[in-house]
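>
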Amino acid sequence: MEREELLQRYAAGERDFSKVNLSGVNLAGTKLSGINLIRANLSHTLLENANLSGAFLVMANLSGANLQWATLIVANLSGANLEQADLRHANLCEAVLTGTLQSQVNLSSASLQGAILAGANLIQANLQQADLRGANLYGADLQNADLSQAKLTRTNLREANLQGTILPEIQLQEIPLLEC
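Residues in the sequence shown are numbered from 0 upward in steps of one, following numbering that gives the first Met the number 0.
(1) Determine the contact status of L156 and L126, defining contact as a CB-CB distance below 7 Å.
(2) Among the candidates S77, L51, N65, L56, whose CA atom is the shortest distance from the CA of L71?
(3) Cutting at 7 Å between CB atoms, please list the residues of its own chain near W68, excluding the five before and the five after it.
(4) So L166 and L146 are in contact, right, with Cβ under 8 Å, and what is the actual spacing, rounded?
(5) What are the boundary residues of the alpha helix (DSSP H) that L26 is part of?
(6) Within a Cβ cutoff of 8 Å, which residues of the same chain sit near A74, ignoring the five residues on either side of it in sequence?
(7) Verify whether the separation of the beta carbon atoms of M0 and L31 is less than 7 Å.
(8) Consult DSSP for L81 and reduce its assignment to one of helix, strand or coil.
(9) Measuring CB to CB, does T164 end up less than 7 Å from L141?
(10) Tell me whether the beta-carbon of E82 lies closer than 7 Å to the beta-carbon of S108.
(11) Less than 7 Å between CB atoms is the rule here; does Q142 satisfy it with respect to chain B?
Here is the structure:
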């Protein structure tokens with residue numbers, strides 16, 4: 000599907016675009032809040048500055064997509080493929096990212112306050128300066144991820160794999176790692 004067709008149908012009130020192929024399409028700056036892109040192919044799609052608040056991106060392929068400065072507040076990305084996606088400065092507050100594949104994803108300076116990343120694959124993810132306050136990373140795989148200068152107050156890292164992870168200089172008692 001091309002950009003023009005998607006935007007025309009969205010403007011006409013259509014919201015269900017599940018399983019659509021938008022690979023490589025330029026959707027920068029678009030306002031697509033509440034859109035249903037379940038199982039859609041958005042690989043290498045340009046979504047810079049796009050508003051996808053409340054979007055359903057469950058099992059969507061966003062590998063290599065550019066989502067810099069995108070707004071994904073309360074979006075559901077459960078099971079989505081975000082491998083090598085660029086989400087620098089993206090707003091993912093209270094987004095659901097359970098079971099996502101985010102290997103080598105760039106989330107530097109992203110806002111993930113209250114986001115649910117339980118069981119997410121964040122191997123070699125760049126989370127430098129990310130705001131993860133109150134986020135749930137229970138059981139997440141953060142092997143070799145970079146969390147330098149990240150905000151981790153009230154972040155749940157219980158049962159997370161932190162092998163080789165670069166953590167910010169913090170007091171470990173600030174972060175729940177194990178049940179007492």
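We put the beta carbon where it would ideally sit given N, CA and C, even for glycine.
Source: prediction; values computed, not measured.
On the basis of the supplied data:
(1) No, these two residues do not count as a Cβ contact at 7 Å.
(2) Put simply, of S77, L51, N65, L56 the residue whose alpha carbon is nearest the alpha carbon of L71 is L51.
(3) Closer than 7 Å at Cβ, skipping near neighbours: E47, N48, H88, A89.
(4) Right, their Cβ atoms sit about 5 Å apart.
(5) Careful: L26 lies outside any alpha helix (DSSP H) and carries neither H nor E.
(6) So the list reads L51, S52, G53, A54, F55, L56, L91, A94, V95, once near-sequence residues are dropped.
(7) Going by C-beta atoms, M0 is not nearer than 7 Å to L31.
(8) DSSP, read as helix, strand or coil, puts L81 in coil.
(9) Taking 7 Å as the Cβ cut-off, T164 and L141 qualify as a contacting pair.
(10) Against a cut-off of 7 Å, the Cβ pair of S108 and E82 comes out as no contact.
(11) The chain inventory of the structure shown lacks chain B, comprising one protein chain alone.
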